[in-house]
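Q: First residue of the sequence shown? That's 919 in this note's numbering, and the numbers climb one at a time after it.
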Amino acid sequence: MSVDGKISTYERVQVRISGDEDFRRVDELKCNVDAIMVGVGTILADDPSLTVKSGRCKNPVRVVADSRARTPLDAQILHKGEGKRVILVSENAPLERINALSEYAEIIIAGSTRVDLRAGLRELKRQGIDRVMVEGGGTLNWSLIKEGLVDEIHTYIGGVVIGGRNAPTLVDGDGFSKNEGFPIFDLIDVRRIGDGVLLRWRAKKV
Ligand SMILES: NC(=O)C1=CN([C@@H]2O[C@H](COP(=O)(O)OP(=O)(O)OC[C@H]3O[C@@H](n4cnc5c(N)ncnc54)[C@H](O)[C@@H]3O)[C@@H](O)[C@H]2O)C=CC1
Ligand SMILES: Nc1nc(O)c(N)c(N[C@@H]2O[C@H](COP(=O)(O)O)[C@@H](O)[C@H]2O)n1
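1. Which first and last residues belong to the beta strand (DSSP E) in which residue 938 is found?
2. Would you give the residue range spanned by the alpha helix (DSSP H) that residue 958 belongs to?
3. Which runs of the beta strand (DSSP E) spanning at least 3 residues fall entirely within the segment 1025-1098, listed in chain order?
4. Please confirm whether residue 993 and residue 964 have their CB atoms less than 8 Å apart.
5. Where does residue 984 land, buried or exposed, given buried means 16+ other C-beta within 10 angstroms?
6. Looking only at its chain, what residues have a beta carbon closer than 6 Å to the beta carbon of residue 1094, apart from the 5 residues adjacent to it on each side?
7. Assuming residue 1016 is part of the alpha helix (DSSP H), what are its boundary residues?
8. Could you check whether the Cβ of residue 1035 sits closer than 7 Å to any heavy atom belonging to ligand 1?
9. Could you check whether the Cβ of residue 968 sits closer than 7 Å to any heavy atom belonging to ligand 2?
10. For residue 1112 and chain D, any beta-carbon pair shorter than 8 Å?
11. If I'm right that residue 968 touches residue 925 with Cβ under 8 Å, what's the distance once you round it to whole angstroms?
12. Should the segment 1002-1009 be regarded as contacting the segment 1052-1070, the criterion being three or more beta carbon pairs within less than 8 Å?
13. Of the residues 953, 958 and 943, which one's Cα is nearest the Cα of residue 971?
14. From the DSSP output, which residues share a beta bridge with residue 980?
15. First and last residue of the beta strand (DSSP E) that includes residue 1106?
16. Taking the C-alpha atoms as reference points, what is the distance between residue 1070 and residue 1089?
17. Given this structure, state the Cα-to-Cα distance separating residue 1045 from residue 1001, to the nearest angstrom.
18. Kindly indicate the opening and closing residues of the alpha helix (DSSP H) around residue 991.
19. Looking at residue 1039 and residue 987, is the spacing between their C-beta atoms short of 8 Å?
Pasting the structure below:
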């Protein structure tokens, strides 16, 4: 994220926030997880492939949280690189979209109108997927944190200011009210990387 906590511009255009060294760190992380997950908003905005660029290991299983099965059939994630893809959808997703996407990815139906992330992750776990790395965006991050499904947060802060009240931030969604309390994370590591800083946080056990 940027100095001011943004993860893209208000037009949802990707900005290069980190440098080569940090891209390599993120690439390495992918070799230590079973799956990498993003929300469909990120697929629609960035069209990422989420592949391991170094080729040092196999691509992790690539997962999209996509309640209404909006992932485009020509999305890079469905075509670039080897490996399994999973799309988590809700019962609300049109059957024709599910059928079309099932040519490229395993479809898991979890939740009635929105993906039930806990149920989706439970099914992934049943398939042997224990460690999931989430690469955004802010809406999916919010839901996972709200539901207490996040063990660690790794925030790389790069030296650019993006600004804009409508620019996506690390955690969007509705936000917590002061009446309901906030999830607390312990700072477990601080490291300078390139022109920015990597902070690692671990969810406090309550
Ligand atoms: N700087 C960075 O490292 C990154 C930046 N981004 C930026 O983030 C933006 C995309 O973020 P968002 O629009 O917030 O989309 P998002 O990627 O968080 O996806 C949100 C979508 O996921 C689906 N979803 C299914 N079940 C859900 C649930 N239970 N809770 C929440 N979402 C659920 C919904 O269709 C929802 O609209 C883009 O502008 C992209 O460039 C995204 C990833 C990384
Ligand atoms: N680690 C990192 N640093 C930045 O500066 C970024 N802008 C991003 N963006 C996210 O990385 C994903 C790219 O995926 P592929 O290279 O296509 O596999 C994408 O989701 C961007 O939002 N990341």
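Glycine included, each C-beta is placed from N, C-alpha and C at the ideal position.
A: In short, the structure shows the following:
1. That residue, residue 938, is in no beta strand (DSSP E); its alpha helix (DSSP H) goes 938-948.
2. Residue 958 -> alpha helix (DSSP H) spans 958-964.
3. 1050-1052 and 1070-1075
4. no
5. buried
6. 1100
7. 1013-1019
8. yes
9. yes
10. Structure shown: chain D not included; a single protein chain is present.
11. With a Cβ gap of about 16 Å, residue 968 and residue 925 do not count as contacting.
12. no
13. 943
14. 954 and 1003
15. 1103-1111
16. 14 Å
17. 15 Å
18. Taken as a continuous stretch (DSSP letters only), residue 991 belongs to no alpha helix (DSSP H), as it is neither H nor E.
19. no
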